[in-house]
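Below is one structure; the comments refer to it alone.
There are 2 protein chains.
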Amino acid sequence: MGTKLDGKTLAANIRNDISEKIEKLKKENKKIPSLANIIIGEDGGSRFYFNTQNSVCEKVGIKTKSLELEENIQEETLIDLIKQLNEDKSVSGIILQLPLPKHLDENKIASTISIKKDVDGLNSLSSGKLFKGEDCFVPCTPKGIIKLIKSTGVEIQGKHAVVIGRSNIVGKPVAQLLLAENATVTMCHSKSDNLKEICKMADILVVAIGRPGIINKEYVKKNALVIDVGTTVVNGKLTGDVDYNDVVDIAAYTTPVPGGVGPMTTTMLLVNLCGDN
Amino acid sequence: MGTKLDGKTLAANIRNDISEKIEKLKKENKKIPSLANIIIGEDGGSRFYFNTQNSVCEKVGIKTKSLELEENIQEETLIDLIKQLNEDKSVSGIILQLPLPKHLDENKIASTISIKKDVDGLNSLSSGKLFKGEDCFVPCTPKGIIKLIKSTGVEIQGKHAVVIGRSNIVGKPVAQLLLAENATVTMCHSKSDNLKEICKMADILVVAIGRPGIINKEYVKKNALVIDVGTTVVNGKLTGDVDYNDVVDIAAYTTPVPGGVGPMTTTMLLVNLCGDN
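Protein sequence lines, in the order shown, are assigned to chains A and B.
In terms of my numbering, the first sequence is numbered consecutively and its last residue is 277.
In terms of my numbering, the second sequence is numbered consecutively and its last residue is 554.
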């Protein structure tokens with residue numbers, strides 16, 4: 001019988017540590033971290049993340065500054081605003097909710113965020129630094145995944161990690177982080193031949209493709225560690241890419257959805273805001 | 278009997294096309310591309326590349342500006358110089374020979390090169406753009422490798438490509454480029470377990486580890502395409518990572534050393550200077 005890899009509890013423990021740390025900073029009259037959270041319009045579907053991030057920050061005592069901007073904001077106005085936040089000493093981190101409305105150049109605008117405040121790694125320079133192994137903010141979901149894996153005590157070095165999905169915010173950066181931990185890393189995607197055969201080789205399997213339940217036990221090696229990043233709403237229920245009940249017995253560790261990667265992601269935002277590793 | 282994948286001839290053909298293009302630009306009194314090539318001191322072992330790049334440029338009619346600087350140059354002086362070259366309209370591309378002397382911060386200085394002139398992709402922002410699939414200069418060696426593979430007509434999409442070696446200038450970017458071509462990509466390195474087993478799965482095998490002759494036919498699947506990026510001098514002779522004579526019969530295509538990737542690398546510098554894909 002495999003083990004549930006419980007992100008909810010791990011995340012709660014990390015948030016407790018952060019609460020205590022902030023409490024201490026307050027007592028010592030030191031600077032408290034703060035988040036500037038930018039959302040544009042209502043069509044991007046990011047209102048949920050925006051609200052969750054703000055509420056998680058406030059619960060641990062991190063200050064938040066919400067910038068809710070009009071759907072039709074001009075590119076230059078937005079860039080000027082981000083530049084002001086870059087200079088603003090009361091702001092430690094900046095998040096921009098994506099996707100942006102179509103008239104705005106996402107890469108250009110995200111890359112205006114100072115890499116010193118880019119707590120979700122949106123700037124392409126942050127991505128380049130991650131890619132090259134330079135010091136930088138690590139995007140929250142990939143960072144949370146590595147912490148989840150490490151929490152099991154399973155050694156990453158030399159192991160074969162297979163990542164399904166190649167998005168810029170999950171699949172590609174998590175592959176780079178696993179490589180930096182000395183795993184052999186295979187990147188698969190919708191165009192991969194022999195997906196089943198390759199997944200079956202994985203000691204560590206990270207699934208981030210947004211196809212509910214596609215990964216069953218036929219894709220999983222005995223005693224593998226399985227991380228499910230899928231979050232599709234099916235019949236009103238948050239559903240992962242992994243068929244948890246089918247996989248949990250063959251894998252050594254499996255993350256549930258919800259309660260696996262999700263809580264780690266928002267918690268890593270707090271970790272980044274506090275400047276922790 | 279497999280085929281020699283002849284980079285020397287392919288590169289010569291591309292250089293001929295570029296010569297003709299430059300000739301035409303001259304006749305039409307249009308702007309000729311030019312390279313600013315910076316070398317610092319003599320200890321980095323890059324004098325050979327510096328000379329080769331300049332001579333290849335000059336042969337096709339691309340102008341070169343050599344900046345041979347003192348070993349003990351101050352960081353600020355060098356950064357100011359690069360900023361001047363960024364602004365200089367007579368310069369289309371800038372190359373900085375690496376490694377730099379130890380008192381200089383390589384990442385910081387390389388990232389001063391404007392991404393509009395960063396013809397070898399040294400700036401971390403260029404790396405980030407490559408990583409995210411944004412428009413950018415592609416570093417010369419990885420770009421040359423993709424051109425070599427494509428020259429065979431072998432389809433990349435869906436195939437399993439295995440890259441051995443994870444340097445920032447070859448292994449990591451070539452893995453990203455193969456991924457962008459819809460290959461399934463595995464990144465291996467010195468810490469990988471089961472290297473032989475994984476290599477044996479590769480439809481496309483790219484070897485860039487600098488261990489002369491380590492890859493023999495036991496690592497190669499029948500009819501694979503094998504790219505050898507190794508360039509170690511052994512008994513005065515340039516030697517690849519692949520045991521060519523052992524591998525050539527089992528593989529469908531194998532690059533020789535010398536005459537494979539090497540000539541493509543310098544030629545891709547010309548392609549980048551001309552702004553071609």
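Glycine is no exception: its CB is placed at the ideal position from the N, C-alpha and C atoms.
What residues in its chain sit with their C-beta under 7 Å from that of residue i, if we drop five residues either side in the sequence?
| i | result |
| --- | --- |
| B:Ile446 | Pro416 and Thr418 |
| B:Leu407 | Gly398, Cys413, Val415, Pro450 and Gln453 |
| A:Gly259 | Asp6, Gly7 and Lys8 |
| A:Ile79 | Ile109 and Thr112 |
| A:Ser90 | Ser34 |
| B:Thr329 | Thr543 |
| A:Glu28 | none |
| A:Lys50 | The sequence given here places Phe at residue 50 of chain A; Lys does not occur at that position. So the list reads Asn37, Ile39 and Gln97, once near-sequence residues are dropped. |
| A:Thr232 | Gly210, Pro212 and Thr239 |
Per DSSP, which one or two residues make a beta bridge with residue i?
| i | result |
| --- | --- |
| A:Asn37 | A:Ser66 and A:Ile95 |
| B:Tyr530 | B:Thr280 and B:Leu502 |
| A:Leu238 | A:Val233 |
| B:Thr461 | B:His437 |
| A:Val207 | A:Ile164 and A:Asp228 |
| A:Ile215 | A:Val242 |
Determine, using beta carbons only, whether residue i and residue j come nearer to each other than 8 Å.
| i | j | result |
| --- | --- | --- |
| B:Lys494 | B:Asp523 | yes |
| B:Gly421 | B:Met278 | no |
| B:Asp480 | B:Ala457 | no |
| A:Thr186 | A:Val154 | no |
| A:Ile18 | A:Leu270 | yes |
| B:Thr516 | B:Pro489 | yes |
| A:Lys196 | A:Tyr219 | yes |
| A:Ser124 | B:Gly410 | no |
| B:Ser323 | B:Asn331 | no |
| A:Cys274 | A:Lys21 | yes |
| B:Thr461 | A:Ile198 | yes |
Give me, in chain order, the residues of the same chain whose beta-carbon lies closer than 6 Å to that of residue i; leave out the 5 immediate sequence neighbours on both sides.
| i | result |
| --- | --- |
| B:Ile423 | Leu454 |
| B:Leu287 | Ser428 |
| B:Val376 | First, the residue type needs correcting, since residue 376 of chain B is Pro and not Val in the sequence shown. The residues are Gly321. |
| A:Gly41 | Glu71 and Pro101 |
| A:Asn272 | Val119 and Phe137 |
| A:Val248 | Gly2 and Thr254 |
| A:Leu85 | Ala36, Val91 and Ile94 |
| A:Gly171 | Val163, Gly165 and Ala208 |
| A:Leu25 | Ile32 |
Relative to the C-alpha of residue i, which candidate in the options has its C-alpha closest?
| i | options | result |
| --- | --- | --- |
| B:Asp518 | B:Gly435, B:Gly487, B:Asn331 and B:Thr544 | B:Gly487 |
| B:Ile291 | B:Asn554, B:Thr544, B:Leu550 and B:Asn549 | B:Thr544 |
| B:Gly507 | B:Arg443, B:Gly552 and B:Leu546 | B:Arg443 |
| A:Lys237 | A:Ile250, A:Val257, A:Tyr253 and A:Asp249 | A:Val257 |
| A:Ala251 | A:Val206, A:Asp276, A:Asn235 and A:Gly275 | A:Val206 |
| A:Gly158 | A:Ile149, A:Val226 and A:Asn182 | A:Asn182 |
| A:Asn194 | B:Asn471, B:His466, B:Met478 and B:Ser467 | B:Met478 |
| A:Lys83 | A:Phe50, A:Ile113, A:Glu68 and A:Ala208 | A:Ile113 |
| B:Leu346 | B:Thr461, B:Leu381 and B:Gln330 | B:Leu381 |
| B:Gln351 | B:Lys304, B:Ile441, B:Asn549 and B:Ile386 | B:Ile386 |
| B:Asn384 | A:Ser90, A:Lys89, A:Glu106 and A:Ser126 | A:Ser126 |
| A:His189 | B:Phe325, B:His437 and B:Cys465 | B:His437 |
Can you list, in chain order, the residues of its chain whose CB lies under 8 Å from that of residue i, leaving out five sequence neighbours each side?
| i | result |
| --- | --- |
| A:Asp228 | Val207, Ile215, Gly240, Asp241, Val242, Tyr244, Thr254, Thr255, Pro256, Val257, Gly260 and Val261 |
| B:Leu425 | Leu282, Gly284, Leu287, Ile504, Thr532, Gly537, Val538 and Met541 |
| B:Val333 | Arg292, Thr543, Thr544, Leu546 and Leu547 |
| A:Asp278 | The requested residue 278 of chain A does not occur in the structure, where chain A is confined to residues 1 to 277. |
| B:Val511 | Pro489 |
| A:Glu23 | Gly61 |
Taking 8 Å as the cut-off, does the segment 370-388 of chain B touch the segment 313-324 of chain B (at least 3 CB pairs, one atom from each stretch)? yes
Is the segment 57-65 of chain A touching the segment 105-119 of chain A, taking contact as three or more C-beta pairs under 8 Å? no
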